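Numbering (this note's numbering), first residue to last: 2 to 463.
Worksheet: the structure to be examined is printed underneath.
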Ligand code: AMP
C-alpha cells in the first residue's frame with residue numbers, strides 16, 4: 002500500500018491527511034488501517050515513531066458518525082504526556098472535520114472543563130486510565146452504549162504501571178461488541194492474559210523484531226577515567242549534537258547532570274518525576290520550542306513521547322532493566338529519520354554494558370578522549386578489561402588441566418616439562434582461535450547490520 006487514497010477512505014479524510022502532511026502510510030499504518038476498518042480487534046507490536054497513533058486515529062475518524070452526539074471512541078494512555086500528544090494529533094483533524102469533537106481527560110486537563118462537556122459528549126475521549134474511569138463512571142456523564150472502539154496505547158506500560166484494574170472497570174461499562182485495538186512495544190504472558198479478556202485468545206502480534214529500529218545506530222562509548230559529567234561535556238563539545246536527549250536512570254542523577262551543565266555554561270531542559278505537573282507541562286513546552294539542544298531526562302521521557310528531530314540519545318548509565326534502553330534509543334530515528342544512540346560505560350559499568358550488548362543488535366565501540374571520539378576496533382570487553390584480568394570459563398580451565406595431566410608421564414623423562422607446556426599452549430591456542438573467530442563474526446554481523454541500516458536509509462530517502 003503506497004498511498005492513503007488506496008485504503009478506501011472518504012475523500013474528506015484523504016484530503017485532511019494530505020493537508021496535515023501525511024501522503025504515504027507507514028508500514029504499521031498499512032498493516033493496521035485495513036484491519037481496523039473491518040471493525041476487527043487487534044494487537045499490534047509497534048515502536049513509537051512508527052506512526053502507530055495515526056494507524057488507529059485514521060480508521061477511528063473514518064468510522065465515527067459525527068452527526069451522532071454520542072461518545073464513540075476511547076483512547077487509554079499510560080501517561081498524561083502521551084494522552085496530550087494523542088489529543089493534539091486527533092485535535093488537528095477537527096480543522097477539517099468541524100463537527101468532530103475530541104476531548105482530553107487527564108489530570109492535566111481541568112476537571113470542571115471536562116464535566117462541562119457532559120451535555121455534549123465528545124466523539125473521541127482520550128485520557129489516562131484513572132481520569133477516564135472517574136469521568137465515565139460519573140452518573141451524570143455519558144451514555145456509553147454508543148462506544149464502538151477502545152484503544153489501549155502503550156499497553157505494556159499500562160500493565161507496568163498497574164492500570165489494568167481501572168481499565169477493567171471501564172470495560173465493565175462498555176458494550177460487549179466493542180472493538181479493541183492494542184498497541185504495545187513488547188508482549189509477555191501476563192499482558193497476553195490481560196488482553197484476552199477484551200479481545201479473545203486469537204490475535205495478531207507482530208513479534209519482537211522491532212526491538213531496535215534499523216534507523217538507529219548504537220554506539221558504546223568507553224569514557225575511561227573521565228567522570229561521567231566530564232565525559233558528557235567532552236562528548237557534547239566533540240559531537241555537537243543537533244538535538245540530544247541525555248538519559249540518567251535516577252532523578253538525583255538527572256538533577257546533578259543539569260546542574261553540572263549549567264555551571265559549565267551549557268543550557269538544557271530537565272525532565273523527570275521530580276517535577277510537579279505544572280513544571281512537567283512547562284518543560285515539555287520548552288523542549289518542543291526548539292530553543293534547547295540538550296534535554297536531561299529520566300526514563301519518564303523514554304516512553305511514548307514524540308519529540309521531533311532528536312538526533313542523539315545519550316545514556317549516561319543504563320536502566321536496571323536493560324530492555325528499557327531500547328525505549329530510550331527509540332526517541333531518535335523516528336518515522337523516516339535516522340539517529341544515533343550513545344551508551345557511556347567504564348570498567349565499573351562494563352557488566353551492564355555487556356549484558357545489553359548480548360541482546361542481539363548491531364553496535365560499534367568507541368573511546369572518548371578529552372577532545373576526540375575514536376573507534377575502538379578491539380570491542381567492548383577487551384578494551385575495558387586489561388588482558389591480565391581476563392577470566393577463563395570453567396570449561397577452558399578444565400581443558401587446560403586435562404591437557405597438563407595427559408602430558409605428564411609416570412616416569413619423569415627428559416623434556417617432559419616442555420611437552421606439557423606445548424600441550425597446554427595447544428589448548429590455549431585453540432581458545433584464542435575461537436575468540437578471534439567469534440570477534441570476526443561479530444564484526445561481520447555489525448558490518449552487515451550497518452550495510453542494512455544504510456540501505457534502509459537510502460530507500461527511505463528515495
Ligand atoms: P507515533 O508516535 O508512532 O504515532 O509517530 C508519530 C510521528 O510520526 C509524528 O511525528 C507524526 O506526525 C508522524 N507520522 C505519522 N504518520 C505519518 C505519515 N503517514 N507520514 C508522515 N509522518 C507521519
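The C-beta atom is built at its ideal place from N, Cα and C for all residues, glycine as well.
Treat the numbers as computed from the prediction; the structure is a model and nothing was measured.
- When C-alpha distances from residue 130 are compared across 103, 178, 80 and 88, the shortest belongs to 80.
- Look at residue 64 here: in three-state DSSP terms it is helix.
- In this structure, 224 is the residue among 283, 460, 235 and 224 with its C-alpha nearest to the C-alpha of residue 368.
- Per DSSP, residue 268 lies in no alpha helix (DSSP H) segment and is marked neither H nor E.
- Taking a contact as a CB-CB distance under 8 Å, the pair residue 329 and residue 248 counts as one, their CB atoms being some 5 Å apart.
- Taken atom to atom, the span from the alpha-carbon of residue 395 to that of residue 402 is near 11 Å.
- Following the DSSP letters along the chain, one finds residue 325 inside the alpha helix (DSSP H) bounded by residues 325 to 330.
- Closer than 6 Å to some heavy atom of the ligand AMP: that describes the Cβ of residue 55.
- An exposed status is given to residue 427, since fewer than 16 other beta-carbon atoms sit within 10 Å of its beta-carbon.
- For residue 352, the enclosing alpha helix (DSSP H) has its first and last residue at 351 to 358.
- Apart from sequence neighbours up to five positions away, no residue of its chain approaches residue 16 with a beta-carbon distance below 6 Å.
- Pairing residue 91 with residue 347, the inter-Cα distance amounts to about 45 Å.
- In this structure, residue 185 and residue 44 form a Cβ contact; the two beta carbons are roughly 7 Å apart against a cut-off of 8 Å.
- The closest heavy atom of the ligand AMP lies less than 6 Å from the beta carbon of residue 49.
- Judged by beta-carbon spacing, residue 255 lies beyond the 7 Å limit of residue 222, meaning their Cβ atoms are not closer than that value.
- Between residue 244 and residue 294, the gap from beta carbon to beta carbon is short of 7 Å.
- Under the 10 Å beta carbon count, residue 192 is surrounded by 16 or more other beta carbons and is classified as buried.
- Under the three-state reduction of DSSP output, residue 55 falls in the helix class.
- Taking the Cα positions, residue 373 is about 15 Å away from residue 343.
- Within the model, the alpha-carbon separation for residue 66 versus residue 159 is close to 29 Å.
- For residue 23, the shortest separation between its Cβ and any heavy atom of the ligand AMP lies below 6 Å.
- By the C-beta density criterion, residue 106 is buried, having at least 16 other C-beta atoms within 10 angstroms.
- The Cβ-Cβ distance between residue 345 and residue 232 falls below 7 Å.
- For residue 85, the enclosing alpha helix (DSSP H) has its first and last residue at 81 to 93.
- Look at the beta carbons and you see the region 91 to 104 not touching the region 164 to 176: under three pairs across the two are nearer than 8 Å.
- In this structure, residue 183 sits near residue 153, with a CB-CB distance shorter than 7 Å.
- In the DSSP assignment, the residues bridged to residue 180 are 150.
- With contacts defined by Cβ atoms closer than 7 Å, residue 270 and residue 287 form a contacting pair.
- Cβ-Cβ separation between residue 337 and residue 313: approximately 18 Å, too far for a contact (criterion under 8 Å).
- Cβ contact annotation for residue 239 (same chain, cutoff 8 Å, sequence separation greater than five): 369, 372, 373 and 374, in chain order.
- The closest CA to that of residue 121, considering only 127, 30, 71 and 167, is found on 71.
- With a cut-off of 6 Å, the C-beta of residue 336 is classified as near the ligand AMP, since at least one heavy atom of the ligand falls inside that distance.
- A Cβ-Cβ distance of about 13 Å is found for the pair residue 277 and residue 252, leaving them out of contact under the 8 Å criterion.
- The alpha-carbon separation between residue 73 and residue 50 amounts to approximately 26 Å.
- Here DSSP, grouped into helix, strand and coil, assigns residue 434 to helix.
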